[in-house]
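Presented below is the structure to which this report refers.
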Amino acid sequence: DVVKKGFDALTRRWNGEMDTLLVYAALFSAILTAFNIESYKLLQPASTSIDDVVLAIRQLSQQAESYSISHPFVNSTRSLVPLSAEAVQPSLLSRSAVVRLNSLWFSSLVLSLTAASLALLVKQWMYEITSGISGTSRECAQIRQIRIENLKRWHVNEVVILIPFCLQVALILFLSGLLILLWNLHDTVAGITSSLAGLLMLVVFGFMTVAPAFRWDCSYRSPQALLVYALF
10 DVVKKGFDAL
20 TRRWNGEMDT
30 LLVYAALFSA
40 ILTAFNIESY
50 KLLQPASTSI
60 DDVVLAIRQL
70 SQQAESYSIS
80 HPFVNSTRSL
90 VPLSAEAVQP
100 SLLSRSAVVR
110 LNSLWFSSLV
120 LSLTAASLAL
130 LVKQWMYEIT
140 SGISGTSREC
150 AQIRQIRIEN
160 LKRWHVNEVV
170 ILIPFCLQVA
180 LILFLSGLLI
190 LLWNLHDTVA
200 GITSSLAGLL
210 MLVVFGFMTV
220 APAFRWDCSY
230 RSPQALLVYA
240 LF
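Following the numbering used here, the numbering of the sequence shown begins with 10 at its first residue and continues without gaps.
Laid out in structure tokens, this is it:
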């Protein structure tokens, strides 16, 4: 009966955690996708179809200003000055900023989707290890004990810890890319956002994650805190 209670509590807790993480990962991935749909366009060269039309109109306008009519000829005394695409639509972001922005946001999306995939796998593992056993007989207790030992042997607990860690790293990458974008657009907005993001990093990813590794009575315990404790 003791083995059954421990086994059921473990699987119930992991199932509940995976449900929460799946919802968070889905919402976060949806938000990231909306940003990435717009940001990846900055990596592409300017649209030649629109730019060529604009350049052609400007060149024709240049030449039309210098037309002189000498019957039966119409001559232009002004040569065409080539116009670049940059003269038509100057970019707000430098090329290096665009590359860094997309690298951070797409890496964040990959980590978020990886976390969602791992959470789904853990859900499947929980279903498999709880299937086929019921009751409190000695045989069922032995099967549960063997499956618990297999979970430890195959480091399933470490996989569970890795999932929220991936999501937090994904959030850090997303905020970093967002700050790169804002600092290239508006200093005031970027300054306010940077202050809030810095406070979030300091409190959530700093104090609340590190404190449990040094204080046994700290209640801010989480898989990330356990990882920090294992490292130190």
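Ideal placement from N, C-alpha and C gives every residue a C-beta, glycine not left out.
Query raised in the report: Does the Cβ of GLN233 have 16 or more other Cβ atoms within 10 Å, making it buried, or fewer, making it exposed?
Result: Counting from 1 along the sequence shown, the entry for residue 233 is found at position 224. Buried, since its Cβ has 16 or more Cβ neighbours within 10 Å.
Requested in this report: Can you tell me which of ALA43, ARG104, LEU120, ALA239 puts its alpha carbon nearest to the alpha carbon of LEU30?
Outcome: Residue mapping note: residue 30 aligns to position 21 of the sequence shown, counting from 1. Cα-wise, what sits closest to LEU30 is LEU120.
Query raised in the report: Between ASN45 and the rest of its own chain, which residues show a CB-CB distance below 8 Å, the 5 nearest in sequence each way excluded?
Result: Taking the sequence shown and counting its residues from 1, one reaches residue 45 at position 36. Only ASN111, TRP114, PHE115, LEU118 meet the Cβ criterion.
Query raised in the report: Helix or strand or just coil, what does DSSP make of ILE142?
Result: Numbered from its first residue, the sequence shown carries residue 142 at position 133. Assigned with DSSP and collapsed to three states, ILE142 falls in coil, not helix or strand.
Requested in this report: Might you give, ordered along the chain, the residues of its own chain that have their beta carbon closer than 7 Å to the beta carbon of LEU184, omitting 5 neighbours on each side?
Outcome: Taking the first residue of the sequence shown as 1, we reach residue 184 at position 175. For LEU184, where only same-chain residues beyond five positions count, the Cβ hits under 7 Å are ALA206.
Query - Alpha-carbon spacing of SER143 relative to PHE16, whole angstroms - result: Taking the first residue of the sequence shown as 1, we reach residue 143 at position 134. Taking the first residue of the sequence shown as 1, we reach residue 16 at position 7. Answer to the nearest angstrom: the Cα atoms are 12 Å apart.
Requested in this report: Determine the burial state of TRP23: buried for a count of at least 16 other Cβ atoms within 10 Å of its Cβ, exposed for fewer.
Outcome: Numbered from 1 along the sequence shown, position 14 holds the residue referred to as residue 23. Classification for TRP23: buried.
Query - contact_flag[the segment 121-134, the segment 26-41] where n(CB pairs < 8 Å) is 3 or more - result: Under the Cβ criterion (8 Å, minimum of three pairs), the segment 121-134 counts as touching the segment 26-41.
Report task. Output the distance between the C-alpha atoms of LEU191 and ALA179, rounded to the nearest integer angstrom. Result -> Translated into the one-based positions of the sequence shown, residue 191 becomes position 182. Translated into the one-based positions of the sequence shown, residue 179 becomes position 170. If you take the alpha carbons of LEU191 and ALA179, they lie about 18 Å apart.
Query raised in the report: Distance, Cα to Cα, LEU51 vs VAL107?
Result: Residue mapping note: residue 51 aligns to position 42 of the sequence shown, counting from 1. Residue mapping note: residue 107 aligns to position 98 of the sequence shown, counting from 1. About 7 Å.
Query - Cβ shell of CYS227 (< 7 Å), same chain only, five flanking positions each side left out - result: Within the sequence shown, numbered from 1, the residue matching residue 227 stands at position 218. If we look at CYS227 and ignore the five residues flanking it on each side, its Cβ neighbours are ALA220, PRO221.
Requested in this report: Pick out whichever of VAL12, ARG224, PHE223, ILE181 has its Cα sitting closest to the Cα of SER203.
Outcome: One-based indexing of the sequence shown puts residue 203 at position 194. Closest in C-alpha terms to SER203, from the list VAL12, ARG224, PHE223, ILE181, comes ILE181.
Report task. Rounded to whole angstroms, what's the CA-CA distance from ALA125 to THR139? Just pull it up for me. Result -> Here residue 125 refers to the residue found at position 116 when the sequence shown is read from its first residue. Here residue 139 refers to the residue found at position 130 when the sequence shown is read from its first residue. Their Cα atoms are separated by approximately 21 Å.
Report task. Use the C-beta contact count for ILE189: other C-beta atoms within 10 angstroms, 16 or more gives buried, fewer gives exposed. Result -> For this step, residue 189 is matched to residue 180 along the sequence shown. Label assigned to ILE189: buried.
Query - Contacts around TYR49, its chain only, beta-carbon distance under 7 Å, and the 5 residues preceding and following it disregarded - result: On the sequence shown, residue 49 is found 40 positions in, with the first residue counted as 1. Within the same chain, ASN111 come within 7 Å of TYR49 by CB-CB distance, once the 5 residues on both sides are set aside.
Query raised in the report: Buried or exposed: which applies to ILE155, given that a residue is buried once 16 or more other Cβ atoms fall within 10 Å of its Cβ?
Result: Position 146 of the sequence shown, counted from the first residue, corresponds to residue 155. When all chains shown are included, ILE155 counts as exposed.
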